[in-house]
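Residue numbers for the sequence shown follow the numbering used here, so the first one is 55 and each next one is one higher.
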Amino acid sequence: MDSRCSSFRASGGLGKELVSILYSKNAKVWLAARSEQKTREIMNEIQNEHPASTGKMLFLKLQLDDLTTIKASAENFLANESRLDVLFNNAGVMVPPQGSVTVQGYELQLGINNLGHFLFTYFLTPILQQTAKQAASNSVRVIWVSSSAADGAPYPAIDFSNMDYHNEEGIWSKYSRSKAGNVIHACEYARRTKGSGLISLSLNPGNFVTNLQQNMPKIQLAMFKLISHPPKKGAYTQLFAGLDSSITEDDNGGWVSPFGRKEDPRKDLTDEDLGRQYWEWSEAQVKQYM
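Quick look at the structure:
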């Protein structure tokens with residue numbers, strides 16, 4: 055296996071499990087994360103678990119809550135690689151303290167889960183399209199890791215009159231809107247890159263207890279644990295979306311459920327007008343950082 059896979063948030067949880075499996079199969083994996091120390095500790099653990107691997111892991115500094123830094127991170131990757139087979143957009147923040155914002159002042163979940171991924175993917179799209187010209191059909195993919203929370207997003211999922219949340223909403227509502235945003239971006243990306251050989255999918259990895267739930271109230275966390283699976287199973291969902299040969303152009307813009315079932319996303323999230331509006335809004339927010 056000689057895929058170049060960029061994996062966000064590989065410092066623990068599902069990201070670590072995903073990288074571990076890829077590395078065990080001799081893949082070359084870039085781990086894009088904020089903390090170099092934590093990421094290198096994880097890399098050492100994975101190397102010790104798979105001493106016979108001929109794969110390679112590399113660290114890429116990526117700070118998704120500061121849009122001014124993302125271009126430099128992408129340029130660092132592009133200066134070192136000539137191909138990228140699979141991009142896993144799997145970073146995320148979940149129910150942080152109410153009022154948490156990014157460096158640019160966006161609500162933290164919107165800023166990291168949506169705008170950060172959107173901008174980084176913009177910079178990597180040319181190398182993905184170039185790789186698709188040389189790689190096996192349907193094998194070059196962008197995977198947008200969403201959540202079952204997308205199904206619980208309010209209607210409409212995106213309130214363009216309240217993107218700055220001047221009308222306050224609950225933190226869970228904000229989280230579900232950000233996860234719906236992942237689905238909308240995945241669908242619109244599929245439409246905008248159609249014919250270039252890329253496959254764009256969103257997914258629900260399943261329920262798992264990882265560092266993502268660090269801000270969850272103790273009672274909710276205890277209940278969540280009752281319906282949770284081992285983190286490795288969440289990696290299986292991402293691996294299916296990113297690598298399974300049964301996925302074709304017919305699945306482009308689709309949704310993958312645990313632990314590798316092709317399904318349709320929530321219907322309103324696939325609406326073309328909504329996709330265009332949300333894409334154009336996202337572009338307007340990041341334009342000065344492109």
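For each residue, glycine too, the CB sits at the ideal point set by N, CA and C.
Reduced DSSP category for residue i - H, G, I as helix; E, B as strand; rest coil
i: N168; result: helix
i: L121; result: helix
i: K248; result: coil
i: V157; result: coil
i: R137; result: coil
i: S197; result: As written in the sequence, residue 197 is Ile, which differs from the Ser given in the question. Looking at I197 - three-state DSSP - the assignment turns out to be strand.
i: N130; result: helix
i: M111; result: strand
i: E223; result: coil
i: Q267; result: With a pLDDT of only 49 at Q267, under 50, the local geometry of the prediction cannot be trusted, and the value read off the model is given with reservation. DSSP places Q267 in helix when its eight states are reduced to three.
Contacts around residue i, its chain only, beta-carbon distance under 6 Å, and the 5 residues preceding and following it disregarded
i: F131; result: L114
i: Y332; result: I212, I238
i: T324; result: C241
i: H171; result: N143
i: Y243; result: S254
Nearest to residue i (by Cα), restricted to the options the options
i: V83; options: S254, L72, L252; result: L72
i: G308; options: S200, Y160, Y229; result: S200
i: A163; options: R231, A133, V194; result: Here residue 163 is Gln; the residue named in the question, Ala, does not match the sequence. Closest option to Q163, Cα to Cα, is R231.
i: G235; options: G249, L121, S107, D205; result: D205
i: T108; options: R94, L85, K79, A133; result: K79
i: K70; options: D304, W335, P285; result: P285
i: S215; options: Q91, W335, I75; result: W335
i: D318; options: D305, R330, L328; result: D305
i: R195; options: E303, K316, G67; result: E303
i: K321; options: P259, Q339, L252, A207; result: A207
8 Å contact criterion, which residue i and residue j should meet: CB distance rounded
i: A81; j: L116; result: Actually they do not touch by this definition, with Cβ atoms about 19 Å apart.
Beta-carbon proximity list for residue i, same chain, < 8 Å, skipping 5 on both sides
i: V155; result: E161, L162, G165
i: L257; result: I197, W198, V199, S200, T291, Q292, A295, W309, V310, S311
i: E103; result: S74, S78
Residues near residue i by beta carbon distance below 7 Å, same chain, minus five either side
i: Y290; result: F313, G314
Residue burial classification, residue i (beta-carbon count within 10 angstroms, cutoff 16)
i: M97; result: buried
i: N192; result: buried
i: Q152; result: exposed
i: K341; result: exposed
i: Y229; result: buried
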